[in-house]
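Each remark here refers to the structure printed beneath this line.
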Amino acid sequence: MRTYQETHPWLSFQLDLRRAPVSLWLMLGEAQSKVKHIAGVPLLPEVQEHFHRLSLARGALATTAIEGNTLTEEQVLAHLEGKLELPPSKEYLKQEVENVVRACNQIGERLLAGAPAEITSELIREYNRLVLQHLPEKDDVVPGEYTKCPVGVGRYPGAPVEDIPFLVDRMAAWLNTGLSDVGAPEEYEIAFGILRAVMAHLYLAWIHPFGDGNGRTARLLEFHILLEVGVPTVAAHLLSNHYNQTRSEYYRVLDVVHRNGGNPLPFVEYAVKGFVDALGEQVETIKGQQLIVHWFHHVHEVFRNQDTPTQVRRRRLVIDLTTSDGPVPFNKIRHISPRIAEAYAGKTDKTVRRDLNHLQKIGLVSKTPAGFIIRSNKLYGFLPPVRVDSTGASGTP
Numbered sequence: 000m001r002t003y004q005e006t007h008p009w010l011s012f013q014l015d016l017r018r019a020p021v022s023l024w025l026m027l028g029e030a031q032s033k034v035k036h037i038a039g040v041p042l043l044p045e046v047q048e049h050f051h052r053l054s055l056a057r058g059a060l061a062t063t064a065i066e067g068n069t070l071t072e073e074q075v076l077a078h079l080e081g082k083l084e085l086p087p088s089k090e091y092l093k094q095e096v097e098n099v100v101r102a103c104n105q106i107g108e109r110l111l112a113g114a115p116a117e118i119t120s121e122l123i124r125e126y127n128r129l130v131l132q133h134l135p136e137k138d139d140v141v142p143g144e145y146t147k148c149p150v151g152v153g154r155y156p157g158a159p160v161e162d163i164p165f166l167v168d169r170m171a172a173w174l175n176t177g178l179s180d181v182g183a184p185e186e187y188e189i190a191f192g193i194l195r196a197v198m199a200h201l202y203l204a205w206i207h208p209f210g211d212g213n214g215r216t217a218r219l220l221e222f223h224i225l226l227e228v229g230v231p232t233v234a235a236h237l238l239s240n241h242y243n244q245t246r247s248e249y250y251r252v253l254d255v256v257h258r259n260g261g262n263p264l265p266f267v268e269y270a271v272k273g274f275v276d277a278l279g280e281q282v283e284t285i286k287g288q289q290l291i292v293h294w295f296h297h298v299h300e301v302f303r304n305q306d307t308p309t310q311v312r313r314r315r316l317v318i319d320l321t322t323s324d325g326p327v328p329f330n331k332i333r334h335i336s337p338r339i340a341e342a343y344a345g346k347t348d349k350t351v352r353r354d355l356n357h358l359q360k361i362g363l364v365s366k367t368p369a370g371f372i373i374r375s376n377k378l379y380g381f382l383p384p385v386r387v388d389s390t391g392a393s394g395t396p
């Protein structure tokens with residue numbers, strides 16, 4: 000008998016899904032479908048770069064914010080661009096974020112290059128070392144080394160320190176076998192990979208093997224597993240975002256699974272539901288970008304073989320209206336972009352009005368009380384028709 004078997008009997012390294020509700024299976028299937036959709040949709044290079052940078056910033060922020068980091072999303076984005084300046088007393092906040100960013104980049108570069116994805120206790124210790132390096136030292140905390148003093152989170156005590164090496168080794172072996180007691184079909188590798196990622200997070204929180212940075216280490220391990228099974232980098236941070244955005248619920252559910260004898264299903268359901276919701280938001284963002292690409296193609300088709308200065312100016316006006324932030328009043332039309340300002344230089348408002356009238360006539364621009372906008376309803380005309388029920392709850396947006 001080891002001490003943890005008396006103090007933490009729920010550390011059984013088993014996941015009994017016979018009690019899982021139907022909703023969990025449906026959500027896992029939906030998650031796998033959405034992940035494949037996101038992974039299979041091409042984006043313009045500048046959109047892809049923006050999407051990647053934003054997801055990395057939000058993931059790094061979420062990973063550190065849930066443990067007390069107070070930087071904002073704007074500040075993290077500024078840091079990624081090398082523009083963030085903080086007073087010396089707050090430099091450690093930037094270092095916390097930098098550690099997670101560097102660790103995520105290292106994990107991504109290694110796994111996406113085809114390196115072995117096996118999880119080991121050495122790898123887990125390395126992730127802890129990465130998240131704690133260059134930070135102010137704390138008593139009894141050595142980055143990458145197991146704690147020698149009992150630690151915990153909230154009312155939950157970590158595992159007995161004498162059992163930590165054994166427990167981390169066993170956890171790694173269990174995760175490498177794909178939760179062997181579950182028997183995951185190969186064609187559902189992503190769905191069961193999501194389960195593995197959530198269970199890795201939960202077990203590391205339960206064991207709490209390090210003096211500091213356990214949560215950040217758990218989220219790096221989660222990120223590792225999601226990348227391993229094919230979740231694209233832009234989506235592999237979404238679980239961290241979910242935990243941070245629902246922080247009080249995160250701690251509440253952790254407490255529930257601690258007090259219910261170690262049944263992890265409430266935490267699994269909470270995590271998977273948040274992941275599915277976040278994936279849905281990402282799909283909508285990507286779909287919006289795809290619609291814009293189709294819209295640009297449509298505009299160029301409308302003006303095909305019309306290369307006069309007037310028609311080129313009108314085509315560019317539609318494209319620049321597309322990227323404007325909301326309706327543009329008439330008196331600001333000629334200033335929506337440098338190239339439009341140059342095109343209308345020396346021309347009167349009569350020319351601007353004539354262009355807008357023509358664009359309205361051919362169905363590319365609409366006039367609203369707030370100003371001029373593109374005919375966005377045409378964007379949804381590119382979608383296949385579907386039946387909408389009496390509540391309008393489904394079908395074309």
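Numbering-wise, numbering that gives the first Met the number 0 puts 341 at position 342 of the sequence shown, and it's gapless, one number per residue.
Using N, Cα and C, we set each Cβ at its ideal position, and we do this for glycine too.
As the structure is a prediction and not an experimental result, all values here were calculated from the model.
With F371 as the anchor, note down where its beta strand (DSSP E) starts and where it stops.
For F371, the enclosing beta strand (DSSP E) starts and ends at G370 to I373.
Give the single residue among E48, D211 and E45 whose Cα lies nearest to the Cα of P149.
Selected option, being the one with the closest Cα: D211.
Would the stretch 22-38 and the stretch 185-196 be scored as touching if the rule is three or more Cβ pairs under 8 Å?
These segments touch.
Between I65, P41 and E45, which has its C-alpha nearest Q244's C-alpha?
In terms of CA proximity to Q244, I65 leads the group I65, P41 and E45.
At the level of alpha carbons, what is the spacing between P115 and E221?
Their Cα atoms are separated by approximately 16 Å.
Below 8 Å, how does it come out for the stretch 372-384 and the stretch 286-296: are there three or more Cβ pairs, yes or no?
Between the stretch 372-384 and the stretch 286-296 there are three or more inter-stretch CB-CB distances shorter than 8 Å, so the stretches are counted as touching.
Measuring CA to CA, which of P156, R338, I332 and V228 is closest to T347?
Comparing Cα positions, the closest option is I332.
Could you name the residues of the same chain whose beta carbon sits closer than 6 Å to that of E187, not counting the 5 residues immediately before and after it, in chain order?
Position check: residue 187 holds Tyr in this sequence, whereas Glu was assumed. Cβ contact annotation for Y187 (same chain, cutoff 6 Å, sequence separation greater than five): none.
What three-state label does DSSP hand P87 in the structure shown?
If DSSP states are grouped into helix, strand and coil, P87 belongs with the helices.
By alpha-carbon positions, which one of A199, E185, E144 and Y155 ends up nearest to M170?
Distance check between M170 and each of A199, E185, E144 and Y155 places A199 closest, using alpha-carbon atoms only.
G214 vs W9 beta-carbon contact at 9 Å
Contact: no.
Which whole-angstrom value describes the C-beta separation of I285 and V228, a residue pair presumed to lie in contact below a C-beta threshold of 8 Å?
That belief does not hold up - the Cβ atoms of I285 and V228 are roughly 20 Å apart, past 8 Å.
Quick one: any contact between the stretch 246-266 and the stretch 274-289, if contact means 3 or more CB pairs under 8 Å?
As far as the Cβ criterion goes, the stretch 246-266 does not touch the stretch 274-289, which means the pair count is below three.
Compare the C-alpha of L203 against each of W173, P184 and V230 and name the closest.
W173 is the residue among W173, P184 and V230 whose C-alpha sits nearest the C-alpha of L203.
Quick check on D354: buried or exposed, where buried means 16 or more other Cβ atoms within 10 Å of its Cβ?
D354 should be labelled buried.
If you measure between the beta carbons of Q288 and L55, is that distance less than 9 Å?
Contact flag unset, no.
With DSSP run on the structure shown, which of helix, strand or coil describes S365?
Three-state result, S365: strand.
Could you tell me the distance, in whole angstroms, from the CA atom of L76 to the CA atom of L85?
Whole-angstrom Cα-Cα distance: 14 Å.
Work out the CA separation of P184 and P142 for me, nearest whole Å.
Their Cα atoms are separated by approximately 38 Å.
Which of the three DSSP states, helix, strand or coil, is assigned to T395?
Reliability of the predicted coordinates at T395 is poor, the pLDDT of 46 falling under 50, and the value obtained from them is presented with this limitation in mind. Three-state DSSP puts T395 in coil, outside helix and strand.
Give me the Cα-Cα distance between G345 and H334, rounded to the nearest whole angstrom.
For G345 and H334, the distance between alpha carbons rounds to 13 Å.
Which same chain residues end up closer than 6 Å to P265 when comparing Cβ atoms and leaving out the 5 residues on each side of it in sequence?
Sequence-distant Cβ neighbours of P265 in its own chain, meaning closer than 6 Å and more than five residues away, are V252, V255 and V256.
Restricting to Cα atoms, I'd like to know which of K349, V21 and E97 is closest to G398.
As displayed, the chain neither begins before 0 nor continues past 396, which places residue 398 out of reach and without an answer.
Under the three-state reduction of DSSP, which class applies to G151: helix, strand or coil?
Note: G151 maps to strand in three-state DSSP.
What does the alpha-carbon distance come out to for the pair P396 and L290?
Because P396 carries a pLDDT of 43, less than 50, the predicted location of this residue cannot be relied on, and the following value inherits that uncertainty. C-alpha separation (whole angstroms): 12 Å.
Give me the residue from H223, R1, L237 and T2 with the minimum Cα distance to E117.
The candidate whose alpha carbon is nearest that of E117 is H223.
Can you tell me whether F209 is helix, strand or coil according to DSSP?
The answer is strand: DSSP assigns F209 an E or B state.
Cutting at 7 Å between CB atoms, please list the residues of its own chain near A19, excluding the five before and the five after it.
Result list for A19: L264, in chain order.
Pick out whichever of P164, R246, A342 and L92 has its Cα sitting closest to the Cα of E121.
Minimum Cα distance to E121 is reached at P164.
Do you know whose CA, among P208, T176 and E95, lies nearest G151's CA?
Taking only the C-alpha atoms, the option nearest G151 is P208.
Can you give me the C-alpha to C-alpha distance between W205 and H78, rounded to a whole angstrom?
In a straight line, the C-alpha of W205 is about 33 Å away from that of H78.
Contiguous alpha helix (DSSP H) assignments of at least 4 residues, all confined to the stretch 33-115:
Here the runs fully enclosed are 44-64, 72-79 and 90-111.
Do you know offhand how far Y242's Cα is from I339's?
The alpha-carbon atoms of Y242 and I339 are separated by roughly 45 Å.
Chain-order list of residues whose beta-carbon lies under 7 Å from that of L166 (same chain, five-residue window excluded):
The answer, listed in chain order, is Y3, L10, A158 and I206.
Out of curiosity, what's the CA-to-CA distance linking V107 and S323?
Just to set this straight, residue 107 is Gly in the shown sequence, not Val. Between G107 and S323, the C-alpha separation is close to 34 Å.
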